[in-house]
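Undergrad:
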Amino acid sequence: MKNVYQLLDLKGQTAIITGGAAGIGLQMSYALGEAGANLVLASRKIERCVEVADKMSKELKVEILPVQCDVTREEDVDMLFNEVMKKFGKVDILVNNSGTSWGAPALEFPMNGWKKVMDTNVTGLWMMCQRAGKIMAAHKIMEESLI
35 MKNVYQLLDL
45 KGQTAIITGG
55 AAGIGLQMSY
65 ALGEAGANLV
75 LASRKIERCV
85 EVADKMSKEL
95 KVEILPVQCD
105 VTREEDVDML
115 FNEVMKKFGK
125 VDILVNNSGT
135 SWGAPALEFP
145 MNGWKKVMDT
155 NVTGLWMMCQ
165 RAGKIMAAHK
175 IMEESLI
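Heads up: the sequence shown begins at 35 in the numbering used here, then just goes up one per residue.
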């Protein structure tokens, strides 16, 4: 029978965390790294990703790849997955944590705000899932487990 540490062991797995250098994404990055997963910290703010990756690499025994990626830009998403495949050769875990909001009442919500929120929270999430899903399917990850 496996103990809880064995059940949650992620050694050798690769996790992409969008918005992985701040807030909830940072906490997810630490949790996955502590469980042994190699980490891809993706964010529009590369400086923050590099800073966090440097700090985490001193604390955790995993590989960490900081990547600048705006999930609303298809070319950024493609570049992210190219970088991940070049370094790790697979994707096991995707945490779609990037998100945005617009502080306005519904009746005053400007169209440009609506588009920004939808591009980030819906279209960006979809592109990330689609790219990761193709890689996971090719590596039979989805047949093993998918949440």
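Even glycine gets a Cβ: it sits at the ideal position worked out from N, Cα and C.
(1) Report buried or exposed for G137, applying the criterion of at least 16 other Cβ atoms within 10 angstroms of its Cβ.
(2) What is the rounded straight-line gap between the Cα of E142 and the Cα of W148?
(3) Look at the alpha carbon of Q47 and the alpha carbon of M152, and state the distance between them as a whole number of angstroms.
(4) Tell me whether the beta-carbon of G54 lies closer than 7 Å to the beta-carbon of L94.
(5) Can you look up L183 in the DSSP assignment and give me helix, strand or coil?
(6) For M62, collect the residues of the same chain with a Cβ closer than 6 Å to its Cβ; drop the 5 residues on either side in sequence, then sort them by chain order.
(7) In terms of residue numbering, what span does the alpha helix (DSSP H) encompassing N37 cover?
(8) Does any residue of chain D have a CB that is nearer than 7 Å to the CB of M90?
(9) Is the CB-CB distance between P100 and L60 below 7 Å?
(10) Based on the DSSP secondary-structure assignment, which residues constitute the bridge partners of P100?
(11) Start and end of the beta strand (DSSP E) containing A49?
(12) Using a Cβ-Cβ cutoff of less than 6 Å, which residues in the same chain neighbour A166 once the five nearest sequence positions on both sides are dropped?
(13) Look at the Cβ atom of M90, then the Cβ atom of I98, and state whether they are nearer than 7 Å.
TA: Well, looking at it:
(1) What you label residue 137 is simply residue 103 of the sequence shown in a count that begins at 1. It counts as exposed.
(2) Translated into positions along the sequence shown, residue 142 becomes position 108. Translated into positions along the sequence shown, residue 148 becomes position 114. The straight-line gap from Cα to Cα measures roughly 11 Å.
(3) For the purposes of this step, residue 47 is taken as residue 13 along the sequence shown, with counting starting at 1. For the purposes of this step, residue 152 is taken as residue 118 along the sequence shown, with counting starting at 1. Approximately 30 Å, taken between the alpha carbons.
(4) Here the question's residue 54 lines up with position 20 in the sequence shown. Here the question's residue 94 lines up with position 60 in the sequence shown. No, these two residues do not count as a Cβ contact at 7 Å.
(5) For the chain, the structure presents residues 35 to 181; residue 183 sits outside this window and is missing.
(6) For the purposes of this step, residue 62 is identified with residue 28 of the sequence shown, where counting begins at 1. These residues qualify, in order along the chain: I51 and V129.
(7) Indexing the sequence shown from 1 puts residue 37 at position 3. Taken as a continuous stretch (DSSP letters only), N37 belongs to no alpha helix (DSSP H), as it is neither H nor E.
(8) The structure shown contains no chain D; it is built from a single protein chain.
(9) For the purposes of this step, residue 100 is taken as residue 66 along the sequence shown, with counting starting at 1. For the purposes of this step, residue 60 is taken as residue 26 along the sequence shown, with counting starting at 1. It is not a contact, given that the beta carbons lie outside the stated cut-off.
(10) For this step, residue 100 is matched to residue 66 along the sequence shown. The partner list for P100 (beta bridge, DSSP) reads L75.
(11) Your numbering for residue 49 matches position 15 in the sequence shown. A49 -> beta strand (DSSP E) spans T48 to T52.
(12) The residue given as residue 166 occupies position 132 in the sequence shown. Excluding residues within five positions, the ones whose Cβ falls inside 6 Å are V125 and L128.
(13) The count along the sequence shown starts at 1 and reaches residue 90 at position 56. The count along the sequence shown starts at 1 and reaches residue 98 at position 64. It is a contact, given that the beta carbons lie within the stated cut-off.
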